[in-house]
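Numbering (the UniProt record's numbering), first residue to last: 1 to 395. C-beta atoms are modelled at their ideal positions from N, C-alpha and C, and glycine is treated no differently. Comments concern the structure below.
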């Protein structure tokens, strides 16, 4: 304990009465401070030299505001500098909360050496009847910047929440009428009408389904941003996943005259432990993309064995097509959001270019990465590898 003043332990204990978090952070920061005795009316000397920082006096009385945050009244103490101090006329900052200052220093990770002392000496903290801290203009600017950053983060969070609320509203307000349009148009197509009328109705259904698909992709991307998808560990059948994909896209493939096939390699144990829903999310977008960009030929889904560089047995999921292919220079960015390998294709093929980006993000949740292999003219192969241990019998 310093003569006539507070000891380090008492200072921490005093702070703890008001704010445990600030007290703990103050305890961690104290090794960075140099404790100096100060007698009222004396100039502050550190190692025989006048202090070269701006000092504020934090009076001992604590005021508690309505929000129960303790503050110390701050005022300039010109006499503690002495007449010879070069900083006696420097402007001071008023209204800095002592415990908030300590908290912000710790949370924001400000370097005390650079923020407070250009010569990297310790901050001079005087413990006496008065609690005095040195606050340089550089630190004041750093704190202002940190406060602005915190406010920007709050605004960003608020904007993100507004986006989520808007998408939730769109999910209800758009999906419901879209389903109504599709349903009523399909009912209308069952009645007697001319060929031209039927074609017009088919355009309505196709356009509505396209808009529904775009809406689904946007909502899925939003859910990924929120972290709604968490991998589970359940037992599932590999063959069931492949069969489901073939059934799901058989209609679209048949309409285009495409051959759609799916196979699990012979001898591959069917029951696996993992998350089939996330696996399907990856594959659904890959197969949808393959069917979409293939005008003739086939789309093939295959599951086979593979070994990673560490020798661990993996399962390789591959979707191959005989479509338009992807140029080598486009194969990296094709997995980026809102990207199509040729922007001119947007006119021919509907969509936002989100499908592959969503597949890539779902694959990442499974600990994998999508790879692409394409000659640029004769189709493409998208594949990824996942470790899915063998499991017992399905319940």
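DSSP places residue 298 in the uninterrupted beta strand (DSSP E) bounded by 298-307. Beyond the five residues adjoining it in sequence on each side, residue 320 comes within less than 6 Å, by CB distance, of 300 and 381 in the same chain, given in chain order. Beta-bridge partners of residue 373 (DSSP): 381. The beta carbon of residue 363 is closer than 7 Å to those of 282, 369, 370 and 384 in its chain, skipping five residues each way along the sequence.
Between the C-alpha atoms of residue 163 and residue 172 there is a straight-line separation of about 14 Å.
Assignment of residue 189 by DSSP, reduced to helix, strand and coil, places it in the helix class. The C-beta separation of residue 272 from residue 388 comes to about 4 Å, placing the pair in contact by the 8 Å criterion. Cβ-Cβ distances below 8 Å link residue 234 to 273, 274, 275 and 276 in the same chain, with the five nearest sequence neighbours on each side left out; the list follows chain order.
Secondary structure note for residue 260: its beta strand (DSSP E) is the uninterrupted segment 259-264. Following the DSSP letters along the chain, one finds residue 318 in no alpha helix (DSSP H) but inside the beta strand (DSSP E) bounded by residues 313-321.
The beta carbons of residue 264 and residue 238 sit closer together than 8 Å. Counting only residues of its own chain and dropping the five nearest sequence neighbours on each side, residue 153 has no CB closer than 8 Å to any other CB. Taking the CA atoms as reference points, residue 175 sits about 15 Å from residue 185.
In the DSSP annotation of this structure, the continuous segment of the alpha helix (DSSP H) that includes residue 223 starts and ends at 195-226.
The three-state secondary structure of residue 310, taken from DSSP, is coil. DSSP places residue 361 inside the alpha helix (DSSP H), whose first and last residues are 355-365. Per the coordinates, the alpha-carbon of residue 165 lies some 11 Å from the alpha-carbon of residue 219. Exclusion of the five residues before and after residue 335 leaves 356, 357, 360 and 370 as the residues of its chain whose Cβ lies within less than 7 Å of its Cβ. Under DSSP, the beta-bridge partners assigned to residue 272 are 236 and 390.
Segment contact: the segment 253-269 against the segment 296-314, three or more CB-CB distances shorter than 8 Å; contact assigned. In terms of Cβ geometry, residue 354 and residue 252 do not form a close pair [threshold 8 Å]. Here residue 229 carries a coil assignment [DSSP, helix/strand/coil].
Setting aside the 5 residues that flank it on each side, residue 245 is surrounded in the same chain by 262, 280, 283, 284, 287 and 301, each with a C-beta closer than 8 Å to its C-beta; the list follows chain order.
Sequence-distant Cβ neighbours of residue 278 in its own chain, meaning closer than 7 Å and more than five residues away, are 229, 231, 362, 365 and 366. With a contact defined as Cβ atoms closer than 8 Å, residue 215 and residue 248 miss out at about 18 Å. Residues 265 and 316 of the same chain have their beta carbon placed closer than 6 Å to that of residue 304, with the five preceding and five following residues left out of the count. By the beta-carbon neighbour count (other beta carbons within 10 angstroms, threshold 16), residue 150 is exposed. Under the three-state reduction of DSSP output, residue 336 falls in the coil class, being neither helix nor strand. With a cutoff of 8 Å on beta-carbon distance, residue 189 and residue 201 are scored as near each other. With a cutoff of 8 Å on beta-carbon distance, residue 161 and residue 269 are scored as not near each other. Sequence-distant partners of residue 209 (beyond 5 residues in either direction) whose C-beta falls short of 7 Å from its own C-beta, in its chain, are 182.
By the neighbour-count criterion, in which 16 or more other beta carbons inside 10 Å mark a residue as buried, residue 179 falls on the exposed side. A straight-line Cα-Cα distance of about 13 Å links residue 309 and residue 386. Distances from the alpha-carbon of residue 157 to those of 187, 195, 225 and 204 put 225 closest.
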